[in-house]
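Novice: Dropping the structure in here first, questions after.
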Amino acid sequence: MKTMFKAIASFFSGFWRGLSLLRVIVGNLLFLVLVIFLLSILFYSSEKDFPDEAALMLSLQGDIVIQKTDTLVTGQLLGQETKAETLLKDIIDVIEHARGDRRIKALVLDLRNMGAAGTSKLQDIGEALKNFKNDGKEIFVAGNYYNQNQYYLAAHADHVYLHPMGGVFLNGYGIYRKFFKSALEKLMIQFHVFRVGSYKSALEPFLRDDMSEYAKEANLAWLTVLWDAYKKNIAEQRELKPDSIDEFINNMSEHLARAKGDSAQLALDYGLVDALKTSDEFRQGLMDRVGQDDDQKTFKQIQFDEYLAAIQPRRLQTRKDSSKVGVIVAKGLILDGTQPAGRIGGDTLADLIRQVRQNDEIKALVLRIDSPGGSVLASEIIRREVELTRQSGKPVVVSMSSVAASGGYWIASAANEIWAAPTTITGSIGIWGAWITVDKSLNSFGIYNDGVGTTQLADAYDPTRPLNSIVADSMQQIIENNYRRFIELVSEGRNLARQDVEKIAQGRVWAGKTAMELGLVDKFGNLQDAVQSAASIADLKDYDVIYVEQILTAREKWIKRLNRFLAGVFDNILGHITHPAARFYLNFGPKLEHIMQLNDPQGVYAYCMMVNGL
Numbered sequence: 003m004k005t006m007f008k009a010i011a012s013f014f015s016g017f018w019r020g021l022s023l024l025r026v027i028v029g030n031l032l033f034l035v036l037v038i039f040l041l042s043i044l045f046y047s048s049e050k051d052f053p054d055e056a057a058l059m060l061s062l063q064g065d066i067v068i069q070k071t072d073t074l075v076t077g078q079l080l081g082q083e084t085k086a087e088t089l090l091k092d093i094i095d096v097i098e099h100a101r102g103d104r105r106i107k108a109l110v111l112d113l114r115n116m117g118a119a120g121t122s123k124l125q126d127i128g129e130a131l132k133n134f135k136n137d138g139k140e141i142f143v144a145g146n147y148y149n150q151n152q153y154y155l156a157a158h159a160d161h162v163y164l165h166p167m168g169g170v171f172l173n174g175y176g177i178y179r180k181f182f183k184s185a186l187e188k189l190m191i192q193f194h195v196f197r198v199g200s201y202k203s204a205l206e207p208f209l210r211d212d213m214s215e216y217a218k219e220a221n222l223a224w225l226t227v228l229w230d231a232y233k234k235n236i237a238e239q240r241e242l243k244p245d246s247i248d249e250f251i252n253n254m255s256e257h258l259a260r261a262k263g264d265s266a267q268l269a270l271d272y273g274l275v276d277a278l279k280t281s282d283e284f285r286q287g288l289m290d291r292v293g294q295d296d297d298q299k300t301f302k303q304i305q306f307d308e309y310l311a312a313i314q315p316r317r318l319q320t321r322k323d324s325s326k327v328g329v330i331v332a333k334g335l336i337l338d339g340t341q342p343a344g345r346i347g348g349d350t351l352a353d354l355i356r357q358v359r360q361n362d363e364i365k366a367l368v369l370r371i372d373s374p375g376g377s378v379l380a381s382e383i384i385r386r387e388v389e390l391t392r393q394s395g396k397p398v399v400v401s402m403s404s405v406a407a408s409g410g411y412w413i414a415s416a417a418n419e420i421w422a423a424p425t426t427i428t429g430s431i432g433i434w435g436a437w438i439t440v441d442k443s444l445n446s447f448g449i450y451n452d453g454v455g456t457t458q459l460a461d462a463y464d465p466t467r468p469l470n471s472i473v474a475d476s477m478q479q480i481i482e483n484n485y486r487r488f489i490e491l492v493s494e495g496r497n498l499a500r501q502d503v504e505k506i507a508q509g510r511v512w513a514g515k516t517a518m519e520l521g522l523v524d525k526f527g528n529l530q531d532a533v534q535s536a537a538s539i540a541d542l543k544d545y546d547v548i549y550v551e552q553i554l555t556a557r558e559k560w561i562k563r564l565n566r567f568l569a570g571v572f573d574n575i576l577g578h579i580t581h582p583a584a585r586f587y588l589n590f591g592p593k594l595e596h597i598m599q600l601n602d603p604q605g606v607y608a609y610c611m612m613v614n615g616l
């Protein structure tokens, strides 16, 4: 017995020594990273001596977004969604500035690390690339392979190269969801849903084992609009017929058989790329075109982040006494209270809009929305501030990015004008709420819940008891009331008859192209178009554009900068996880995390879950 205790003591002693060693290693590693970060701040300079007639490297890292997400690095270690991100505005500003820069002879697209990007964002970048080419400057791109998003941008290049063992992988757009009804029944978990709208299918995965015909009809309609726009652009850039893209995908196996399984040769034969080249051949070709950097043994080049830093001071300059058009970015889930960048807090965004209304220098507001919705209460708090700003005499113009659906449209409905892209995903005018009870599941294990309360609602929010019938009835009444309110707001804000709004509501998602036909959108255009329209409504001939953001203290700015630096380090580590189970969680977990973040006080949501990555 004594020997056994000694063995146990020895085991735990070794275990704690190992933990102590691990703590020291991790602590030293974090300290080293912090030192490197501080040194980078002290010695970094945005003033760069760029070479003449060089190639600008447009290196896109991670997802393309209109606002970066503030996420604690600890969240990244726990598997939360913390992908690298590149601002759409930064990309477009760099391309536009490079057009008139004599030091830049060509542009090279580096798409290797590019992540997700909404269709409208790809179109905005594509237009900037077209303008660059129209000024007589060439665009080059080379890749080992191209996925669908990468190829959209690659097709805009004058010279598209592919590795001899690579390929172009196009697959079209689709919505395929996992359904849990049978699993929940086996686990004896009851999912209680309260909703209004034939097409409000956000919670179908918990109620069915397949997609409803209503959802299939609505989804295919807007997916087709987006796919037609994608094909049209690729066909124009590569001088192909739009239908040939579908033919290429749908008959892939036959095409590969004729190419003897050579996907790179197939892409070349089909006209998707101009030539097959290895990376060294591509490098040599650019050295011949723009010259050689003798120190780096490659072609003369200017890095994206260095060029962005160099032009940053000029981008932020505004005249002291000029009239201003304010731009506020609203990106992410709409949540109650105060939220960091990358999420829309009802109180946070309302406060920013109020600041614009009370600032005499700002004569008009552009609200840039990229959101699938969320809390109904938070959406209404924000919408009310938009309405008050409009009533104060300052025009409010909404610029929809890739998504402005459900709660995102609730906010937009009070604006003077709504601008969108034909491929913007919008509408989804519907409301839902949900509650889970696990009493039957617990009962199957011999666990029961019983007790007394002073009222009929004492057990209202206990998931281990059957759903209170009063709560169920009350919840449905609240949902229906909020839906009526949603209909009224859209009817008033868009000057549409109530019965017409009811026909196009029902929770149905629409592409921007169809939304304009239905009166939900006023005009097509990008952010710059919306800014010009806001200035025109405010009768401004000469003005500056300023971005209105949360004011951070010096300490908060420092922490934010450090956090992004550390997030980049850990993103690189997590990006190399290849185990299937781990990748499944990293890809699927964030979708469940979005649901877990919802925090409306009444549990009532205007939220569209169908639009991630489109």
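Residue 3 is where the sequence shown starts when you use the numbering used here, and the numbers rise one by one after that. Where is the CB? At the ideal position from N, CA and C, for every residue including glycine. Bear in mind the structure is a predicted one, so any value in this text is a computation, not a measurement.
Considering only C-alpha positions, which residue in the set V547, I93 and D602 is nearest to V368?
Specialist: Ranking V547, I93 and D602 by Cα distance to V368 puts V547 first.
Novice: E382: buried (16+ other C-beta within 10 angstroms of its C-beta) or exposed?
Specialist: That one is buried.
Novice: Drop a sphere of 10 angstroms on the beta-carbon of H581, count the other beta-carbons inside from all chains shown, and report buried for 16 or more, exposed for fewer.
Specialist: Model confidence at H581 stands at a pLDDT of 43, short of 50, so the residue's coordinates are unreliable and nothing is read from them.
Novice: Within its chain, find whatever has a CB closer than 6 Å to the CB of I364; leave out the 5 residues flanking it on each side and keep chain order.
Specialist: K326, G328 and V358.
Novice: Taking only the alpha-carbon atoms, compute the straight-line gap between V523 and L529 and give it to the nearest angstrom.
Specialist: Rounded to whole angstroms, V523 to L529 spans 14 Å at the Cα level.
Novice: Among G375, A343 and D349, which one has its Cα closest to the Cα of L335?
Specialist: Of the listed residues, the one whose Cα sits closest to L335 is G375.
Novice: Report all residues from its chain with a CB closer than 6 Å to the CB of A156; omit the five preceding and five following residues, and keep chain order.
Specialist: Here the set comprises V143, Y148 and V162.
Novice: Ends of the alpha helix (DSSP H) at S446?
Specialist: It spans D441 to S446 - the alpha helix (DSSP H) in which S446 sits, taken as one unbroken run.
Novice: Classify Y154: buried if its beta carbon has 16 or more other beta carbons within 10 angstroms, exposed otherwise.
Specialist: Flag for Y154 reads buried.
Novice: Using a Cβ-Cβ cut-off of 8 Å (strictly less than) and excluding sequence neighbours within five positions of G64, which residues of its own chain qualify?
Specialist: Around G64: K85, A86, E87, T88, N115, M116, G117 and D573.
Novice: With C-beta atoms as the reference, is L90 less than 7 Å away from I68?
Specialist: Going by C-beta atoms, L90 is nearer than 7 Å to I68.
Novice: In chain order, what residues of the same chain lie with their CB nearer than 8 Å to the CB of E206, ignoring the 5 residues before and after it?
Specialist: Closer than 8 Å at Cβ, skipping near neighbours: R179, F181, M213, S214 and A217.
Novice: Since G409 is in the alpha helix (DSSP H), which residue starts that stretch and which ends it?
Specialist: Its alpha helix (DSSP H) spans residues G409 to A414.
Novice: Return the bridge partner residues of R370 from the DSSP annotation.
Specialist: The partner list for R370 (beta bridge, DSSP) reads V331 and S401.
Novice: Leaving out the 5 sequence neighbours to the left and right, which residues in its chain are closer than 6 Å to I420 when beta-carbon positions are compared?
Specialist: The residues are V400, A414, V523 and D524.
Novice: How about A332: is its Cβ closer than 6 Å to a heavy atom in the ligand MN?
Specialist: Although the ligand MN was asked about, the structure shown includes no ligands whatsoever.
Novice: With contact counted as at least three CB pairs below 8 Å, one residue from each stretch, are the segment 308–315 and the segment 90–102 in contact?
Specialist: Yes, the segment 308–315 is in contact with the segment 90–102.
Novice: Less than 7 Å between the beta carbons of P424 and G527, yes or no?
Specialist: Not in contact: P424 and G527 (Cβ atoms no closer than 7 Å).
Novice: Please name the residue or residues paired with D112 in a DSSP beta bridge.
Specialist: Partner(s): S61.
Novice: Going straight from the alpha carbon of A159 to that of L390, what length do you get?
Specialist: Distance between the alpha carbons of A159 and L390 is about 46 Å.
Novice: Hey, how far is the Cα of D338 from the Cα of D349?
Specialist: Looking at the two C-alpha atoms, the distance is approximately 7 Å.
Novice: Would F52 and I304 qualify as a contact pair, given that the criterion is a beta-carbon distance under 7 Å?
Specialist: Cβ atoms of F52 and I304: closer than 7 Å.
Novice: Tell me the residue span of the beta strand (DSSP E) that contains H161.
Specialist: Unbroken beta strand (DSSP E) run through H161: H161 to L164.
Novice: Give the secondary structure of E419 by DSSP, where H, G and I count as helix, E and B as strand, and everything else as coil.
Specialist: Note: E419 maps to strand in three-state DSSP.
Novice: Give the straight-line distance between the Cα atoms of A204 and E187, rounded to the nearest whole angstrom.
Specialist: Rounded to whole angstroms, A204 to E187 spans 19 Å at the Cα level.
Novice: Which same chain residues, not among the five before or five after Q604, have their C-beta less than 8 Å away from its C-beta?
Specialist: V378, L379, G435 and I480, listed in sequence order.
Novice: Would you list the one or two residues that DSSP bridges to D248?
Specialist: DSSP, once it has assigned bridges, lists no residue as partnering D248.
Novice: Would you list the one or two residues that DSSP bridges to R197?
Specialist: Paired residues: W434.
Novice: Hey, out of G169, R321, E283 and I191, whose CA is closest to H257's CA?
Specialist: The option with the nearest alpha carbon to H257 is G169.
Novice: Can you look up D551 in the DSSP assignment and give me helix, strand or coil?
Specialist: What sits at residue 551 in the sequence shown is Glu, not Asp. E551 falls in the coil class under three-state DSSP.
Novice: Which word fits R356, buried or exposed, when buried means at least 16 other C-beta atoms lie within 10 angstroms of its C-beta?
Specialist: Per the 10 Å Cβ criterion, exposed.
Novice: Taking the alpha helix (DSSP H) that Y154 falls in, what are its first and last residues?
Specialist: Residues Q150 to A156.
Novice: Can you find the residues in the same chain that come closer than 8 Å, C-beta to C-beta, to L459, ignoring five residues on each side of it along the sequence?
Specialist: Counting only Cβ-Cβ distances below 8 Å, and skipping sequence neighbours, we find N470, I472 and V473.
Novice: Among the residues of its own chain, which have a CB less than 8 Å from the CB of I438, if the five just before and after it don't count?
Specialist: I191, Q192, F193, H194 and P465.
Novice: Report, in whole angstroms, the separation of the C-beta atoms of F134 and L111, which I expect to be a contact under 8 Å.
Specialist: No, F134 and L111 are not in contact; Cβ-Cβ is about 11 Å, not under 8 Å.
Novice: Quick one: is P397 buried, meaning 16 or more other Cβ sit within 10 Å of its Cβ, or exposed?
Specialist: With 16 or more Cβ atoms within 10 Å of its Cβ, P397 is classed as buried.
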